[in-house]
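A.B. asks: Please find one structure pasted underneath; my questions will follow.
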Amino acid sequence: MATKRDYYETLGVDRDADEATIKSQYRKMAMKYHPDRNPGDKESEGRFKEAAEAYEVLRDTEKRSIYDRYGYEGLNGTGFSGFEDIFSSFGDIFEDFFGFGMGGTSRPGARRGADLRYDLEIDFLDAAFGVETEITVEKQEKCYACDGAGCEPGTSYETCPVCRGAGQVTRSQGFFSIRTTCPNCRGEGRSIPHPCHACRGAGRVLNKKAVIVKIPAGVDTGSRLRLTEEGESGLKGGPPGDLYVVIHVKPHDFFKREDTDIICEIPISFVDAAIGTTVEVPTLSEKRTLKIPKGTQPNEVFRFEGLGIPSLRGYGRGDQFIKLRMKTPTSLSKKQESILKEFAQLESKKISSKLKKLFNGKQ
0 MATKRDYYET LGVDRDADEA TIKSQYRKMA MKYHPDRNPG DKESEGRFKE
50 AAEAYEVLRD TEKRSIYDRY GYEGLNGTGF SGFEDIFSSF GDIFEDFFGF
100 GMGGTSRPGA RRGADLRYDL EIDFLDAAFG VETEITVEKQ EKCYACDGAG
150 CEPGTSYETC PVCRGAGQVT RSQGFFSIRT TCPNCRGEGR SIPHPCHACR
200 GAGRVLNKKA VIVKIPAGVD TGSRLRLTEE GESGLKGGPP GDLYVVIHVK
250 PHDFFKREDT DIICEIPISF VDAAIGTTVE VPTLSEKRTL KIPKGTQPNE
300 VFRFEGLGIP SLRGYGRGDQ FIKLRMKTPT SLSKKQESIL KEFAQLESKK
350 ISSKLKKLFN GKQ
């Protein structure tokens, strides 16, 4: 009779190896010697059995302790009967490797509904100050006729005739059996003999729903609002998903936005810039008077503090910046043209005088 190899030697680990090392080494051996990868190879099949038996003992703290103290004989009477009992406890290993479990009768449970996205376009001022609006969302909702059961009212589920309620079917492959999801009931363990007339057994129907969206002040293009449980209904009693509203802000004819600041341009004549003036400037909520001092240069920027966009974080508002755009007249009366020519001559003499002083070293 062949003598069994030491379990530690079989897995190629030290006697003080921890659980993670033992599991890792077993996985490598299972991948290498699995019968599906070595069809008809009796030696690989034998190595696979040895590794599985060794892992079943060394993964269990109590069995490992008995084995370390008394060897194989000590395992007699502990409920361990060798390789035949092994696969019932290896579901995690085989799911990781081969995509199927070796035991258990778990069925798919309740599933959360899908999240939805809605793209909403709003006006610039609504983004600045916030707004409440109503949108219409098309989504899967719990069937009104069967209340999500999928069965025609007055009827009920029946046990699946293929898997007899287990949700799985067993097929033999080599020296062990493999359990897979039942193809008839898809793991449910039950079937619907009389599907609901409204949802055809799905438990959900496509419906349109009006949803109120409260948009806070300060949102910008790309801002995303989450409306909890306004997504699609869940399956088999699962919770509904969420609705994500993605904001798109229409551009404004006068204002431009940079973070929480707003920028605008005001046209002004060079005469007003030279002698100074006051102008009315629109803000997000009202008009403000801006005093422009004498000698203001082109592209000079003024600021209204705290009249920009409110911060979403609740830390006040940004500022409003006003850029001056010099406006050159395109048509002049004879009198205007005469005055400007006289002004130009005076300005030319003034500049010429400054240049003479500069080159003569008299500043």
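Going by numbering that gives the first Met the number 0, the residue at position 188 of the sequence shown is 187; the numbering climbs one at a time, nothing skipped.
Ideal Cβ placement from N, Cα and C applies to all residues, glycine included.
Can you grab the Cα-Cα spacing for the pair G112 / E229, in whole Å?
C.D. replies: 10 Å
A.B. asks: Excluding the 5 residues flanking I274 on each side, which residues of the same chain have their C-beta closer than 7 Å to its C-beta?
C.D. replies: K293
A.B. asks: According to DSSP, is I121 helix, strand or coil?
C.D. replies: strand
A.B. asks: By the DSSP assignment, the beta strand (DSSP E) with N12 in it spans what residues?
C.D. replies: The residue you asked about is not Asn; residue 12 is Val in the sequence shown. No beta strand (DSSP E) holds V12; DSSP gives it neither H nor E.
A.B. asks: Here's the rule I'm using: 16 or more other beta-carbon atoms within 10 Å means buried, otherwise exposed. How should Q319 be labelled?
C.D. replies: buried
A.B. asks: Can you tell me which of F123, E299, V130 puts its alpha carbon nearest to the alpha carbon of D252?
C.D. replies: F123
A.B. asks: Among L331, D219, L339, which residue has its Cα nearest to the Cα of I308?
C.D. replies: D219
A.B. asks: For A109, which option in N183, I267, E187, D40 has the closest C-alpha, if you only look at C-alpha atoms?
C.D. replies: E187
A.B. asks: In terms of residues, what are the limits of the beta strand (DSSP E) holding S43?
C.D. replies: Counting along the chain, S43 falls outside any beta strand (DSSP E), though it belongs to the alpha helix (DSSP H) covering 41-57.
A.B. asks: Where T282 and G317 are concerned, what is the direct C-alpha to C-alpha distance, given to the nearest angstrom?
C.D. replies: 12 Å
A.B. asks: Along the chain, which unbroken stretches of the alpha helix (DSSP H) at least 4 residues long are found entirely within the region 169-210?
C.D. replies: none
A.B. asks: Can you tell which of R223, F128, C150, I214 has the C-alpha that lies nearest to the C-alpha of S190?
C.D. replies: Nearest of R223, F128, C150, I214 to S190, Cα basis: C150.
A.B. asks: Taking the CB atoms as reference points, tell me whether V248 and L224 lie closer together than 9 Å.
C.D. replies: No Cβ-Cβ contact shorter than 9 Å links V248 with L224.
A.B. asks: Compare the C-alpha of C181 against each of V130, T60, A201, P160 and name the closest.
C.D. replies: P160
A.B. asks: How many Å lie between H33 and S43 at the Cα?
C.D. replies: 7 Å
A.B. asks: Locate the beta strand (DSSP E) running through S268, then write down its first and last residues.
C.D. replies: 260-268
A.B. asks: Would you mind working out which of G217, E285, L119, K326 sits nearest G257, comparing C-alpha positions?
C.D. replies: Reading off the sequence, residue 257 comes out as Glu, not Gly. Checking every option, the nearest Cα to that of E257 belongs to G217.
A.B. asks: Based on Cα-Cα distance, which residue from V168, I211, Y69 lies nearest to T135?
C.D. replies: I211
A.B. asks: Name the two residues that bound the continuous alpha helix (DSSP H) containing T135.
C.D. replies: Per DSSP, T135 lies in no alpha helix (DSSP H) segment; the continuous beta strand (DSSP E) that holds it begins and ends at 130-141.
A.B. asks: Apart from the five residues just before and just after A53, which ones in its own chain have a Cβ nearer than 6 Å to its Cβ?
C.D. replies: Y6, T9, L10
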